[in-house]
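Residue numbers (full-length UniProt numbering): 1 to 537. A virtual CB, placed ideally from N, CA and C, is assigned to each residue, including glycine. Single-structure report; data block below.
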């Protein structure tokens, strides 16, 4: 209800307006009156009205002086002047004080009702803008950690798609990136029998436990750092280093941390991780270079273990290949069903490899290693959407297939064959898991429309990403989940209005809206009329 306070030194005017203003039609209420400006000022401070109707000429303090005081105190409400004086000087001063309207006595109640109706519409619009801004701020605060995490992941993997200025890292603590040196530690979770047949839930729990251990150790040993989960079995840590610290001292400390991380993960989770370190970079824009160096270090460790000292890719040429960037782009395209993007990413990467072929820097051994990595990444990316890769290729021997990959063209053909099978298996109508997820979301909306509903909570329940949930829901129903929830709420609100048992504010609460103005605005956008108008039909 909109609160209205009336100030006039004529008792008959006060009494007449109290009786004649269409309070119910305006969804407004009388909250008080005063007979001079000073008393009016005290009443306004006491009752905080939305609208003040005031005369100008009054004893003790006139209306214009009172309005000046209110503006100095940043009174947020609207002011309507109702005066027996129509002098231009007063009107100009009222305009300067930003009053909503200036009416000359005598005024008809129809005219006053029209003015109040317009002022209330302006208040509703102002309230809606305020609510929307608050909602935007709330969502920004909610999603800031997510946005920061995704920004950092793109910096670490080199997938940041534009040359951002220093202002772009306002979401993070700028000094950590602009006033520090940086070194990346790459971590690779080794494939063992213990994790080869995990369910999606168990795999997620393992990754959660792994991340917790690493974050706890970093908090103790190097708080000025960031842990980033990458594609599938890879993760990274960015160490922010004080420029005054000697590079060899920093490296020794980080190597000790790497050893401790490896030992703790084996002790508590019985998992094996391999760790590589990149070089120190003085600019945050070069963090992805340190990442590629860290995973090249990992690759060289693999070479020593599996192939002796025989190189399978030239270290000095590795930045032309940049596999970590490729892995990340491919993982995201697969996870979000972007078939065309997947093909483009593969073609672009194979083209890079072909350019290196004549230099002898890309060997069959490296291509086979790359295939093994890609198989793991594909498996995890699909697993996160409810698809098991091995089920799509029953009876396949990965080792035999990899032995036949001797050239970049073999790699392209092998990878495209796999993507083709994956793409044809992931249609909505063919994936019962998608149908189950959508059915669950529909039921969830109908059961909890009176509560705060968001896709973040649903994604935790279904172990699917928020974006992916919205994508499959829209494909199945033709509308976004947010719009579906609004539709459920509006249909329920309409049914309650037709019952005629509840006040509008009660209905707003029953269908999940905390304020009547916002509920009324959404209702009008949906049905083309206010709830009160529908209720009168």
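For residue 189, which residues in the same chain have their Cβ closer than 6 Å to its Cβ, ignoring the five residues on either side in sequence?
233 and 273
The beta strand (DSSP E) enclosing residue 55, as first and last residue numbers:
Looking at the DSSP string, residue 55 is not in any beta strand (DSSP E), and its letter there is neither H nor E.
With burial defined as no fewer than 16 other Cβ atoms inside 10 Å of the residue's Cβ, what is the status of residue 417: buried or exposed?
exposed
Taking residue 546 and residue 7 to be in contact with their CB atoms under 8 Å, please state how far apart those CB atoms are, rounded to whole angstroms.
Since the first residue of the chain shown is 1 and the last is 537, residue 546 is not available in this structure.
Do three or more CB pairs link the segment 5 to 19 to the segment 28 to 45 at distances below 8 Å?
yes
Which of the three DSSP states, helix, strand or coil, is assigned to residue 241?
strand
Between residue 280 and residue 212, how many whole angstroms is the CB-CB distance? I'm expecting something under 8 Å.
Wrong, their Cβ atoms sit about 27 Å apart, outside the cutoff.
Does the contact criterion of 3 or more C-beta pairs under 8 Å hold for the segment 108 to 122 versus the segment 241 to 259?
no
On the three-state DSSP scale, how would you describe residue 499?
helix
Starting from residue 60 and walking both ways along the beta strand (DSSP E), at which residues does that stretch end?
No beta strand (DSSP E) holds residue 60; DSSP gives it neither H nor E.
Do residue 41 and residue 66 come within 8 Å of each other at the CB atom, strictly closer than that value?
yes
Tell me where the alpha helix (DSSP H) around residue 399 begins and ends.
398 to 403
Where residue 154 and residue 518 are concerned, what is the direct C-alpha to C-alpha distance, given to the nearest angstrom?
37 Å
Kindly give me the distance between the Cβ atoms of residue 77 and residue 49, rounded to whole angstroms, as I take these residues to be in contact under 8 Å.
6 Å
How many Å lie between residue 289 and residue 464 at the Cα?
31 Å
Could you compute how far the alpha carbon of residue 341 sits from the alpha carbon of residue 523?
39 Å
Could you compute how far the alpha carbon of residue 39 sits from the alpha carbon of residue 101?
22 Å
With which residues is residue 181 paired in a DSSP beta bridge?
241
Looking only at C-alpha atoms, which of 73, 159 and 64 sits nearest to residue 83?
64
For residue 371, which residues from the same chain have a beta carbon less than 7 Å from its beta carbon, with the 5 sequence-adjacent residues on both sides left out?
402, 405, 411 and 414
In the DSSP output, which residue or residues are listed as bridge partners for residue 80?
53 and 101
Express the C-alpha separation of residue 277 and residue 299 in angstroms, rounding to a whole number.
11 Å
Euclidean distance between Cα positions of residue 25 and residue 531
12 Å
Take residue 11 and list the residues in its own chain whose beta-carbon comes closer than 8 Å to its own, dropping the five residues that flank it on each side.
35
Measure how close the beta-carbons of residue 492 and residue 449 come, nearest whole angstrom, since I'm counting them as under 8 Å.
6 Å
Over what stretch of residues does the alpha helix (DSSP H) that includes residue 252 continue unbroken?
247 to 269
Per DSSP, which one or two residues make a beta bridge with residue 33?
6
Can you name the start and end residues of the alpha helix (DSSP H) that residue 451 belongs to?
Neither: residue 451 is in no alpha helix (DSSP H) and is coded neither H nor E.
Classification of residue 421 by the beta-carbon crowding that lies within 10 angstroms, buried from 16 upward:
exposed
Put residue 326 into one of helix, strand or coil per three-state DSSP.
helix
For residue 451, the nearest candidate out of 513, 394, 393 and 442 (CA to CA)
513
Give a yes or no on whether the C-beta atoms belonging to residue 157 and residue 377 are separated by under 8 Å.
no
So, helix, strand or coil for residue 21, using DSSP?
coil
For the beta strand (DSSP E) containing residue 273, name the first residue and the last one.
273 to 277
Note the first and the last residue of the continuous beta strand (DSSP E) segment covering residue 509.
No beta strand (DSSP E) contains residue 509, which is instead part of the alpha helix (DSSP H) from 504 to 510.
So residue 477 packs on residue 438, CB below 8 Å; how close in whole Å?
7 Å
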